[in-house]
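Input: a single structure, listed below in structure tokens.
In the numbering used here, the protein residues as written are 181 to 666.
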């Protein structure tokens with residue numbers, strides 16, 4: 181578990197703005213090792229950040245009791261800890277927390293901590309501000325601000341705006357006959373404007389040709405059209421004038437749905453160096469060294485760009501909650517698998533799986549617990565079905581789809597293994613909560629010439645029968661439901 185404890189430089193390390201407010205109140209009320217006056221700081225803390233505040237009291241056994249707990253932590257973990265004890269947490273988290281609380285009480289100073297927990301292949305990062313206090317009767321307490329941090333949106337923004345490359349995401353604009361008429365801009369970073377001499381206010385024009393001047397060249401525009409229509413990534417170099425300067429760019433085209441991610445790398449320095457080297461290479465050995473250094477630098481830049489492109493493709497193809505294929509990507513790959521199976525006459529089966537009574541989890545434990553159950557079930561599916569012959573995707577909500585290369589017996593065996601795994605162990609949804617769940621499954625094996633849509637419809641009908649017959653069952657299309665194999 182990642183841990184970071186810091187009683188100094190708190191304001192420069194904290195993410196939540198409420199930390200600065202709480203620190204001002206604490207410093208105003210602090211009086212040596214006793215910390216702040218409890219009743220006064222308690223009222224100010226509730227006013228500043230009540231939903232994220234916990235009031236803790238030490239116990240004679242060396243533990244700490246949750247006297248009250250704000251609304252945010254129960255929503256995050258799926259459980260209200262009021263009246264509970266720190267020792268009930270996951271062991272490494274409990275040891276770290278008690279150690280930090282002991283230190284804060286002993287020194288009487290504010291302490292800022294960050295810790296990271298990992299459950300079911302997911303990472304939770306929490307920041308805490310620990311404020312020691314003493315009440316009017318001399319009792320010691322802790323006022324703790326605790327909030328989970330999220331970096332996904334910040335990461336994507338940082339990736340775009342700190343990239344040394346220009347990045348433009350575009351989608352196809354088509355007429356009524358599905359003919360490509362243009363490429364509309366979905367997103368672009370400021371580096372694009374700097375590279376192409378474009379007005380930053382024009383970055384989100386309706387057509388990409390308005391912000392990338394080199395697309396005025398019909399041959400270059402044709403390469404973009406071919407990449408979209410033929411589903412073929414491409415890479416090439418362009419040369420153009422911008423603000424009186426000669427610019428050379430390396431242009432990389434990566435597929436993004438019915439569109440592209442266009443990455444622009446400025447290779448002007450490299451091209452000018454190459455021109456100079458061509459003129460002087462016979463006599464100036466120093467220029468050769470410059471060329472090699474420039475090429476190495478460009479190679480490193482291209483490697484960085486490829487990693488960013490790979491991450492953008494992954495984000496576009498996967499479900500953000502489970503990291504499984506999203507419905508669009510699953511459908512594309514399943515159609516390709518069906519076409520392949522038609523040519524080699526191999527059998528294919530589709531499983532549609534639905535968690536039983538999932539709404540009760542959300543109603544009883546909250547949506548964070550429901551999301552955690554979905555993630556844990558996805559991890560279980562990966563453990564049961566992950567082979568080169570399986571596609572696994574989340575269709576939405578609590579519904580999942582799995583395409584298997586094999587006959588009905590193979591699909592039934594895998595589905596039975598899944599139900600047995602659910603019967604053997606509960607799904608972990610937080611540090612202190614596990615839920616026993618069941619799942620129903622409909623299986624349809626592809627008939628000759630059958631489309632994915634028709635196959636999906638038959639699997640859905642089988643799932644409906646399994647649900648209707650009592651849930652926690654496996655049903656084969658056009659046959660009777662089977663009792664739970666577990």
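Glycine is no exception: its CB is placed at the ideal position from the N, C-alpha and C atoms.
Specify the secondary structure class of residue i as computed by DSSP and reduced to three states.
| i | result |
| --- | --- |
| residue 300 | Only weak support exists for where residue 300 lies, its pLDDT of 35 falling under 50; the value from the coordinates is given anyway. Coil at residue 300, not helix or strand. |
| residue 197 | coil |
| residue 417 | strand |
| residue 610 | coil |
| residue 254 | helix |
| residue 507 | helix |
| residue 500 | coil |
| residue 459 | helix |
| residue 579 | strand |
| residue 618 | coil |
| residue 424 | coil |
| residue 521 | helix |
| residue 584 | strand |
| residue 669 | Nothing about residue 669 can be read from this structure; the chain reaches only from 181 to 666. |
| residue 470 | helix |
| residue 362 | strand |
| residue 235 | strand |
| residue 312 | strand |
| residue 624 | strand |
| residue 289 | coil |
| residue 436 | coil |
| residue 483 | helix |
| residue 332 | With a pLDDT of only 49 at residue 332, under the threshold of 50, the placement of this residue in the model should not be trusted; the figure read from the coordinates follows. Helix. |
| residue 278 | helix |
| residue 269 | coil |
Roughly how many angstroms separate the alpha carbons of residue i and residue j, rounded to a whole number?
| i | j | result |
| --- | --- | --- |
| residue 696 | residue 588 | Outside the shown range of the chain (181 to 666) lies residue 696, about which nothing can therefore be said. |
| residue 517 | residue 197 | 50 Å |
| residue 348 | residue 442 | 5 Å |
| residue 451 | residue 428 | 7 Å |
| residue 188 | residue 290 | 9 Å |
| residue 592 | residue 550 | 27 Å |
| residue 191 | residue 199 | 7 Å |
| residue 220 | residue 208 | 10 Å |
| residue 579 | residue 639 | 12 Å |
| residue 292 | residue 282 | 13 Å |
| residue 415 | residue 498 | 25 Å |
| residue 535 | residue 397 | 54 Å |
| residue 325 | residue 645 | 50 Å |
| residue 496 | residue 288 | 49 Å |
| residue 460 | residue 447 | 20 Å |
| residue 383 | residue 312 | 51 Å |
| residue 650 | residue 511 | 29 Å |
| residue 245 | residue 275 | 14 Å |
| residue 332 | residue 492 | The predicted position of residue 332 is uncertain, since its pLDDT is 49 and thus under 50; no value can be drawn from it. |
| residue 636 | residue 532 | 8 Å |
| residue 223 | residue 193 | 25 Å |
| residue 277 | residue 286 | 14 Å |
| residue 478 | residue 420 | 20 Å |
| residue 316 | residue 210 | 14 Å |
| residue 375 | residue 546 | 48 Å |
| residue 262 | residue 484 | 48 Å |
| residue 252 | residue 314 | 25 Å |
Hey, residue i and residue j are a contact pair by Cβ (cut 8 Å); roughly how many whole angstroms apart?
| i | j | result |
| --- | --- | --- |
| residue 344 | residue 481 | 7 Å |
| residue 558 | residue 632 | Residue 558 to residue 632, Cβ: 21 Å. No contact. |
| residue 195 | residue 228 | No, residue 195 and residue 228 are not in contact; Cβ-Cβ is about 16 Å, not under 8 Å. |
| residue 413 | residue 435 | 6 Å |
| residue 267 | residue 243 | 5 Å |
| residue 144 | residue 363 | Absent from the structure is residue 144, since the part of the chain shown begins at 181 and ends at 666. |
| residue 507 | residue 573 | 6 Å |
| residue 601 | residue 564 | 6 Å |
| residue 667 | residue 444 | Absent from the structure is residue 667, since the part of the chain shown begins at 181 and ends at 666. |
Which partner residues of residue i appear in the DSSP bridge assignment?
| i | result |
| --- | --- |
| residue 476 | Residue 476 is not bridged to any residue. |
| residue 568 | DSSP lists no partner for residue 568. |
| residue 446 | 429 |
| residue 130 | There is no way to answer for residue 130, as the model of the chain reaches only from 181 to 666. |
| residue 354 | 360 |
| residue 346 | 444 |
| residue 248 | 235 |
| residue 367 | 349 |
Are the C-beta atoms of residue i and some chain B residue less than 7 Å apart?
| i | result |
| --- | --- |
| residue 600 | As a matter of chain content, chain B is missing from the structure shown, which is built from one protein chain. |
Practice item. Check whether the region 235-244 touches the region 310-324, counting contact only when three or more Cβ pairs, one atom from each stretch, lie closer than 8 Å. Key: Contact between the region 235-244 and the region 310-324 is present, because at least three Cβ pairs lie under 8 Å.
Point to revise | Meets three-Cβ-pair contact criterion under 8 Å: the region 567-578 and the region 604-615 | key: Proximity of the region 567-578 to the region 604-615 falls short of the contact definition, fewer than three beta-carbon pairs being nearer than 8 Å.
Check your understanding: Okay, do the region 398-406 and the region 305-313 touch, 3+ Cβ pairs below 8 Å being the bar?
Key -> The count of Cβ pairs closer than 8 Å, one atom from the region 398-406 and one from the region 305-313, stays below three, leaving the stretches out of contact.
Practice item. Count the CB pairs spanning the region 471-490 and the region 369-378 that are closer than 8 Å, and state whether there are at least three. Key: With the rule of 3 Cβ pairs closer than 8 Å, the region 471-490 does not count as touching the region 369-378.
Point to revise | the region 622-630 contacting the region 539-546, beta-carbon criterion three pairs below 8 Å | key: Counting Cβ pairs under 8 Å, fewer than three are found: no touch.
Review point. How about the region 639-654 and the region 595-610: do they share at least three Cβ pairs that are nearer than 8 Å?
Key: They touch, by the three-pair rule.
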